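Chemist: By this note's numbering, the letter at position 136 of the sequence shown is numbered 208, and the numbering carries on one by one without gaps. We put the beta carbon where it would ideally sit given N, CA and C, even for glycine. Nothing here was measured: the structure is a model prediction, and the numbers come from that model. Below you will find the structure I want to go over with you.
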Amino acid sequence: MNKTFAFISSYLPLYILLMINNFNKDKNIAYWIAFGMLIILVMISVIVLFYYLRGKGKKILLASDEQIDKLKSDSMINYLMAYVVPLATISNDDFVGSAITNSILFIIIGIIYVKMNLVYLNPVLVLFGYVPYTSTKTGNIYIVNFDIDKLIRKSREGSENQIPTINATIIGNSIMLIRKKDNDWITKKSA
Numbered sequence: 073m074n075k076t077f078a079f080i081s082s083y084l085p086l087y088i089l090l091m092i093n094n095f096n097k098d099k100n101i102a103y104w105i106a107f108g109m110l111i112i113l114v115m116i117s118v119i120v121l122f123y124y125l126r127g128k129g130k131k132i133l134l135a136s137d138e139q140i141d142k143l144k145s146d147s148m149i150n151y152l153m154a155y156v157v158p159l160a161t162i163s164n165d166d167f168v169g170s171a172i173t174n175s176i177l178f179i180i181i182g183i184i185y186v187k188m189n190l191v192y193l194n195p196v197l198v199l200f201g202y203v204p205y206t207s208t209k210t211g212n213i214y215i216v217n218f219d220i221d222k223l224i225r226k227s228r229e230g231s232e233n234q235i236p237t238i239n240a241t242i243i244g245n246s247i248m249l250i251r252k253k254d255n256d257w258i259t260k261k262s263a
């Protein structure tokens with residue numbers, strides 16, 4: 073369920089743009105139901121993002137000697153293309169029909185992204201300074217708002233007796249949001 077909420081929150085700007093572009097007080101009940109659904113999606117998105125950005129992380133064991141690479145930017149570009157379709161196809165003349173068609177498309181995209189564990193592609197988090205990285209060693213995806221080299225250095229602090237820990241919010245299968253504010257080792261000077 074957490075991954076589904078992460079997917080929903082990634083489209084917050086789209087919901088707001090659709091509301092602005094299609095607001096009209098003189099519409100029928102079906103229009104207001106569709107508009108109400110957009111408001112509900114905005115509220116869910118804000119709550120989820122608040123939890124991600126302000127919540128408290130849990131202790132997570134970090135793999136020793138982690139190998140981390142930045143994710144390819146074309147993944148984010150492809151994800152943003154899903155924004156273009158609803159904005160280009162919503163018609164003020166048939167808002168309800170367009171909303172139903174785009175809702176079906178949105179559900180299909182959501183199922184694919186959740187099942188393929190692609191919910192780390194969240195442009196809203198990128199706007200807040202978070203960048204996704206992937207571990208070539210473990211396959212974990214780390215979404216961080218600090219210099220990733222500090223996370224790599226932290227992973228090298230481990231030994232056979234002591235595995236380094238971090239505070240992170242688990243978003244989905246091996247997807248972790250690591251906030252600078254939850255990890256005091258980020259602000260410490262490295263030798």
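DSSP on S81, reduced to helix/strand/coil?
Modeler: The residue you call residue 81 lines up with position 9 of the sequence shown. Note: S81 maps to helix in three-state DSSP.
Chemist: Measuring CA to CA, which of F218, A135 and Y205 is closest to T259?
Modeler: Walking along the sequence shown from the start, residue 259 turns up at place 187. T259 has its Cα closest to that of F218, out of F218, A135 and Y205.
Chemist: May I ask you to check if the CB of I92 is nearer than 8 Å to at least one heavy atom of the ligand GTP?
Modeler: With respect to the ligand GTP, the structure shown offers nothing to examine, as it has no ligands at all.
Chemist: Look up P204 in the DSSP assignment and give the residues it is bridged to.
Modeler: Counting from one through the sequence shown, the residue named residue 204 turns up at place 132. Answer by DSSP bridge pairing, in chain order: I215.
Chemist: My assumption, with CB atoms under 8 Å, is that G129 sits in contact with N245. Please give the rounded CB distance.
Modeler: Indexing the sequence shown from 1 puts residue 129 at position 57. Indexing the sequence shown from 1 puts residue 245 at position 173. Going by Cβ atoms, the distance from G129 to N245 rounds to 17 Å, so no, they are not a contact pair.
Chemist: Between the stretch 133 to 142 and the stretch 97 to 116, do at least 3 Cβ pairs fall closer than 8 Å?
Modeler: Counting Cβ pairs under 8 Å, fewer than three are found: no touch.
Chemist: Looking at Y202: is its Cβ nearer than 9 Å to the Cβ of I220?
Modeler: Translated into the one-based positions of the sequence shown, residue 202 becomes position 130. Translated into the one-based positions of the sequence shown, residue 220 becomes position 148. Not closer than 9 Å, so no.
Chemist: Taking the alpha-carbon positions, what's the L67 to L193 distance?
Modeler: The structure shown does not extend to residue 67, since the chain is modelled only from 73 through 263, so no value can be given for it.
Chemist: Can you give me the Cβ contacts of A171 inside the same chain, cut-off strictly under 6 Å, excluding the 5 residues immediately before and after it?
Modeler: As a working note, residue 171 is residue 99 in the sequence shown. Excluding residues within five positions, the ones whose Cβ falls inside 6 Å are A106.
Chemist: Are the beta-carbon atoms belonging to I215 and I243 less than 9 Å from one another?
Modeler: Numbered from 1 along the sequence shown, position 143 holds the residue referred to as residue 215. Numbered from 1 along the sequence shown, position 171 holds the residue referred to as residue 243. Their beta carbons are under 9 Å apart, which means I215 touches I243 by this criterion.
Chemist: Hey, M248 and I80: beta-carbon distance below 9 Å or not?
Modeler: Indexing the sequence shown from 1 puts residue 248 at position 176. Indexing the sequence shown from 1 puts residue 80 at position 8. No. Outside cutoff.
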